[in-house]
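Participant:
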Amino acid sequence: MDLTMLAAQYMGPAFLLALGRSWRFREIDLAGAPVADRYRAGASIHALWHSQQLPLTLRHRKENIAVIVSQHRDGEIIARMVQGIGYRTIRGSSTRGGSRALQEFARAASEGHPLAITTDGPQGPARQCKPGAVLAAARTGYPIVPAGAAAVRGWTFNSWDRFVVPKPGSIVYLAYGDPISVPTDLGEDSVADWQARVTEAQNAASAACDAAAASAAGRRR
């Protein structure tokens, strides 16, 4: 019996929900237009950095989203936890099961699911978009919506991505950039250019959140 897996499946979701309910979310307007005009749930790929996935996952848990989760052991733990809070999971990553995961992503899109992917996962380099999100956008026709998140108070882990867990009761800032539409006839030689574009947009959203969180933290002192 794997006690870690059992805890992830039966205790993890309750813990996450309790933690998430304590946070106070604030959305940052990046482009002078309503967030809803840029984040189109039901027809988009939500692109987020691995380190920021916890607050974004809890914020959007009621939206019937399908997410890619790695096939590593830590991915199995994450899969059981996010399934428990309402997500559909697709197993695969840039290193394991990528082709099959892309097929499952396309199937989920055809069934009307919004999609989400940690674009620098599962093992980095941190904050550099890998090909997966770009290929998924070309395959599904969904635009990529770059997302960012930052907590006024949080714990930062000494991991490759500097994973962040907002502290109970913290304000959490969220930002969403303009949708990035990847052509469905994407050529292999242009994938890297689209990766760079997504990376830049995600970092811009993240920087806006970081600045807002730092400003709020300063006002609290």
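Residues 28 to 248 (the numbering used here) are what the sequence shown spells out, left to right.
The beta carbon of each residue, even a glycine, is placed where N, CA and C say it ideally should be.
Keep in mind that this is a model prediction, so the values were computed, not measured.
As an exercise, report each continuous beta strand (DSSP E) stretch of at least 3 residues that is fully enclosed by the region 76-107, in chain order.
Facilitator: 93-96
Participant: Going by other Cβ atoms of all chains shown within 10 Å of its Cβ, with 16 needed for buried, is S197 buried or exposed?
Facilitator: Buried, because 16 or more other Cβ atoms sit within 10 Å of the Cβ of S197.
Participant: Beta carbon of C156, beta carbon of T226: below 8 angstroms?
Facilitator: yes
Participant: Contact check, F184 vs A163 under 8 angstroms by CB: the rounded distance?
Facilitator: Contact flag wrong, Cβ pair sits at about 27 angstroms.
Participant: Is S233 buried or exposed, if buried means 16 or more other CB atoms sit within 10 Å of its CB?
Facilitator: buried
Participant: Which first and last residues belong to the beta strand (DSSP E) in which A285 is found?
Facilitator: With the chain covering only 28 through 248, there is no way to say anything about residue 285.
Participant: Does DSSP classify A232 as helix, strand or coil?
Facilitator: helix
Participant: Over what stretch of residues does the alpha helix (DSSP H) that includes A165 continue unbroken?
Facilitator: 158-167
Participant: DSSP on G245, reduced to helix/strand/coil?
Facilitator: helix
Participant: Going along the chain, which residues of its own chain have a beta-carbon closer than 6 angstroms to the beta-carbon of S78, five neighbours each way excluded?
Facilitator: D188, R189, F190, V191
Participant: Assign A219 to one of three DSSP states: helix, strand, or coil.
Facilitator: Taken through DSSP and simplified to helix, strand or coil, A219 comes out as helix.
Participant: DSSP has F52 in a bridge; who is on the other side?
Facilitator: Note: F52 sits in a beta bridge opposite V199.
Participant: What would DSSP say about L213, mapped onto helix, strand or coil?
Facilitator: coil
Participant: Pick helix, strand or coil for V172, following the three-state DSSP scheme.
Facilitator: strand
Participant: Compare the C-alpha of A202 against each of D216, V209, A223, N230 and name the closest.
Facilitator: N230
Participant: Cα separation between G20 and Y200?
Facilitator: Outside the shown range of the chain, which is 28 to 248, sits residue 20, and nothing can be said about it.
Participant: When you compare only the Cα positions, how much space is there between T145 and R115?
Facilitator: 15 angstroms
Participant: So, helix, strand or coil for V179, using DSSP?
Facilitator: DSSP, reduced to helix, strand and coil, places V179 outside both helices and strands of the structure shown, so it counts as coil.
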